[in-house]
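Engineer: I'd like to ask you about the structure that follows.
Chains as they are written, first to last, in the numbering used here: chain A, 1 to 280; chain B, 1 to 168.
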């Protein structure tokens with residue numbers, strides 16, 4: 001304590017204050033008249049790098065600190081953006097569904113049998129060889145009704161309940177009907193009854209593929225030809241698919257092969273169920 | 001030789017002070033140099049403190065782009081308050097020292113807020129209640145820093161005497 005009083009006595013403090021006042025006036029007056037610019041330049045040259053380094057570090061640290069303190073805000077923003085993205089995804093999915101439905105209707109109008117009345121149905125599920133539809137007896141769907149997509153054959157209604165129905169696809173082992181093989185009139189549009197029939201045959205579902213049998217050995221059927229339904233159960237000429245893996249054994253009494261459908265059944269979202277009234 | 005070492009040390013310390021002052025100004029808008037001044041004012045001879053303060057305040061004025069003499073004025077105001085308060089109470093020890101430190105710090109930060117622009121452009125600085133509140137917080141922090149600094153220096157001094165033989 002005594003030491004302090006010695007080193008910083010009352011008179012010393014007075015002296016200190018008295019010296020500061022003229023110093024302040026000296027600097028303020030001279031600097032306001034730009035007379036101390038060489039001093040400023042010299043000090044600036046020496047100390048600006050240290051000042052700049054301090055400011056730079058301060059800025060960086062401030063940025064980090066601000067980021068840390070704003071984490072909850074960022075989290076909230078992130079969650080809001082996530083919700084926004086989900087909403088956009090949902091909207092996008094909805095528009096995709098509408099687009100698919102529009103395309104399906106367009107195809108049905110352009111390629112479907114205009115003499116028949118159709119129910120529009122949504123595929124609500126699929127299993128091996130079957131599709132589940134969202135319409136049933138209430139809408140007038142009956143067992144045996146033909147389900148198509150444009151001029152493509154999808155299957156036959158196997159089970160019709162009040163609010164839904166089950167469609168058997170050509171893949172199913174329960175599926176078997178007569179077909180004919182033609183090389184024209186399928187890809188170019190609506191199937192006409194005047195199509196050149198190369199051979200009649202029987203189509204059977206095997207489970208993982210569609211088999212075609214009883215093709216005449218004398219016919220000029222070749223791979224890539226079109227297979228079209230020709231059965232009273234189906235009631236329409238509808239394209240099943242393209243002929244492939246055609247057997248070529250001359251010892252056989254008839255030829256066989258497989259049918260590759262034009263459409264991927266599992267990708268279908270909208271299909272059309274034909275009313276019974278319009279059968280062959 | 002010791003004088004040369006002291007001069008070199010002071011020059012290096014001035015660079016460090018400029019660096020730290022800028023760092024704290026950008027981080028917390030806080031003047032650490034004033035806390036250092038408050039800690040050193042009782043420990044350095046005024047004959048040494050005066051030129052040191054003069055040079056350092058001019059350096060700070062240049063790097064902070066103030067009119068030369070601004071920082072000197074800011075250091076002068078609390079020094080004057082300390083001097084005036086010394087007539088009423090002790091400004092060298094005890095609680096009264098910290099109260100005086102609080103008042104001096106408040107005057108320092110308030111003068112920074114109001115007088116910086118006066119010297120630059122002859123207009124009084126803007127100071128609302130929000131600014132006063134911020135100044136109060138800075139003042140409390142400065143007082144706490146001084147208190148902490150005093151404790152640390154005290155501890156060092158005691159440790160320095162620990163090897164001495166004490167006679168009861």
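Even glycine gets a Cβ: it sits at the ideal position worked out from N, Cα and C.
Name the residues in the stretch 51-82 of chain A whose C-beta lies less than 7 Å from a C-beta of chain B; which are they?
Structural biologist: Against chain B - using a Cβ distance shorter than 7 Å - the residues of the stretch 51-82 of chain A are 51, 53, 54, 55, 57, 58, 59, 61, 62.
Engineer: With which residues is residue 118 of chain A paired in a DSSP beta bridge?
Structural biologist: Paired residues: A:274.
Engineer: Could you name the residues that DSSP lists as bridge partners for residue 164 of chain A?
Structural biologist: None, per the DSSP bridge assignment.
Engineer: Does the stretch 33-43 of chain B touch the stretch 60-75 of chain A, meaning 3 or more C-beta pairs lie closer than 8 Å?
Structural biologist: Too few Cβ pairs lie closer than 8 Å, so no.
Engineer: Specify, as a first and last residue, the run of the beta strand (DSSP E) that residue 116 of chain B falls within.
Structural biologist: Element bounds for residue 116 of chain B: not the beta strand (DSSP E) but the alpha helix (DSSP H), 94-121.
Engineer: Just grab the DSSP bridge partners of residue 152 of chain A for me.
Structural biologist: Paired residues: A:149, A:239.
Engineer: Rank B:118, B:44, B:4, B:5 by C-alpha distance to the C-alpha of residue 16 of chain A and give the top, closest one.
Structural biologist: The option with the nearest alpha carbon to residue 16 of chain A is B:44.
Engineer: What residues from chain B crowd round residue 40 of chain A, counting only those whose CB sits closer than 8 Å?
Structural biologist: Ordered by position in chain B, the residues that pass the 8 Å Cβ test against residue 40 of chain A are 62, 68.
Engineer: Give the DSSP-derived three-state secondary structure of residue 88 of chain A in the structure shown.
Structural biologist: Helix.
Engineer: Taking the alpha-carbon of residue 163 of chain A as reference, which of A:233, A:155, A:156, A:136 has the nearest alpha-carbon?
Structural biologist: Checking every option, the nearest Cα to that of residue 163 of chain A belongs to A:136.
Engineer: Is residue 111 of chain B close to chain A? Criterion is C-beta to C-beta, closer than 8 Å.
Structural biologist: Not an interface residue.
Engineer: Hey, does residue 18 of chain B have any beta-carbon neighbour from chain A nearer than 8 Å?
Structural biologist: Output row for residue 18 of chain B: interface = yes.
Engineer: Using the Cβ count rule (16 or more neighbours within 10 Å means buried), how would you classify residue 230 of chain A?
Structural biologist: Buried: at least 16 other Cβ atoms inside 10 Å.
Engineer: Any beta carbon from chain B within less than 8 Å of residue 36 of chain A's own beta carbon?
Structural biologist: Closer than 8 Å to some Cβ of chain B, the Cβ of residue 36 of chain A qualifies, so yes.
Engineer: My assumption, with CB atoms under 8 Å, is that residue 212 of chain A sits in contact with residue 227 of chain A. Please give the rounded CB distance.
Structural biologist: With a Cβ gap of about 6 Å, residue 212 of chain A and residue 227 of chain A count as contacting.
Engineer: Measuring only between beta-carbons, confirm whether residue 93 of chain A sits less than 8 Å from chain B.
Structural biologist: So, not an interface residue.
Engineer: Tell me whether residue 1 of chain A sits in a helix, a strand or coil according to DSSP, three-state version.
Structural biologist: Caution is warranted here: a pLDDT of 46 is assigned to residue 1 of chain A, below 50, making its placement in the model unreliable, and no coordinate value can be reported.
Engineer: Check distances from the C-beta atoms of the stretch 12-23 of chain A to those of chain B and list, in chain order, the residues that come in under 9 Å.
Structural biologist: So the list reads 12, 13, 14, 15, 16, 17, 19, 20, 21, 23, given in the order they occur along the chain.
Engineer: Using 8 Å as the limit for Cβ to Cβ distance, is residue 342 of chain A near chain B?
Structural biologist: Residue 342 of chain A lies beyond the range of chain A shown here (1 to 280); nothing can be said about it.
Engineer: Pick helix, strand or coil for residue 257 of chain A, following the three-state DSSP scheme.
Structural biologist: The answer is strand: DSSP assigns residue 257 of chain A an E or B state.
Engineer: Mapping the DSSP letters down to three states, classify residue 131 of chain A as helix, strand or coil.
Structural biologist: Of the three classes helix, strand and coil, the one that applies to residue 131 of chain A here is strand, per DSSP.
Engineer: Rounded to the nearest angstrom, how far is the Cβ of residue 156 of chain A from that of residue 130 of chain A, given a contact under 8 Å?
Structural biologist: The Cβ separation is near 11 Å, so there is no contact.
Engineer: If you compare alpha carbons, which of A:243, A:253, A:146, A:67 is closest to residue 217 of chain A?
Structural biologist: Nearest option by C-alpha distance: A:253.
Engineer: Hey, how far is the Cα of residue 13 of chain A from the Cα of residue 46 of chain B?
Structural biologist: Whole-angstrom Cα-Cα distance: 7 Å.
Engineer: Can a CB atom of chain B be found closer than 8 Å to the CB of residue 84 of chain A?
Structural biologist: Chain B contact via Cβ: absent.
Engineer: The alpha helix (DSSP H) that contains residue 47 of chain B, what's its start and end?
Structural biologist: Looking at the DSSP string, the run of the alpha helix (DSSP H) that includes residue 47 of chain B is 46-63.
Engineer: So the candidates are A:180, A:90, A:208, A:205; which of them puts its Cα closest to the Cα of residue 198 of chain A?
Structural biologist: Selected option, being the one with the closest Cα: A:180.
Engineer: Spell out the partners DSSP gives residue 204 of chain A in its beta bridges.
Structural biologist: Beta-bridge pairing links residue 204 of chain A to A:176, A:211.
Engineer: With distances taken from CA atoms, which of A:28, A:250, A:79, A:273 is nearest residue 54 of chain B?
Structural biologist: Nearest option by C-alpha distance: A:28.
Engineer: Cutting at 6 Å between CB atoms, please list the residues of its own chain near residue 209 of chain A, excluding the five before and the five after it.
Structural biologist: Same-chain partners within the cutoff: 258.
Engineer: Say whether the stretch 93-101 of chain B touches the stretch 66-76 of chain B, bearing in mind that this needs 3 or more beta-carbon pairs closer than 8 Å, one atom from each stretch.
Structural biologist: No, the stretch 93-101 of chain B does not touch the stretch 66-76 of chain B.
Engineer: Figure out for me which residue from A:98, A:265, A:215 has the closest Cα to the Cα of residue 250 of chain A.
Structural biologist: Considering only alpha carbons, the answer is A:215.
Engineer: Using the beta-carbon count (16 or more within 10 Å), is residue 83 of chain A buried or exposed?
Structural biologist: With fewer than 16 other Cβ atoms within 10 Å, it is exposed.
Engineer: So is residue 31 of chain B buried or exposed if we call it buried at 16+ other beta carbons inside 10 Å?
Structural biologist: With 16 or more other Cβ atoms within 10 Å, it is buried.
Engineer: What are the start and end residues of the beta strand (DSSP E) that includes residue 228 of chain A?
Structural biologist: Unbroken beta strand (DSSP E) run through residue 228 of chain A: 226-229.
Engineer: Buried or exposed: residue 165 of chain A, going by 16 or more other Cβ atoms within 10 Å of its Cβ?
Structural biologist: Residue 165 of chain A is buried by the Cβ-count criterion.
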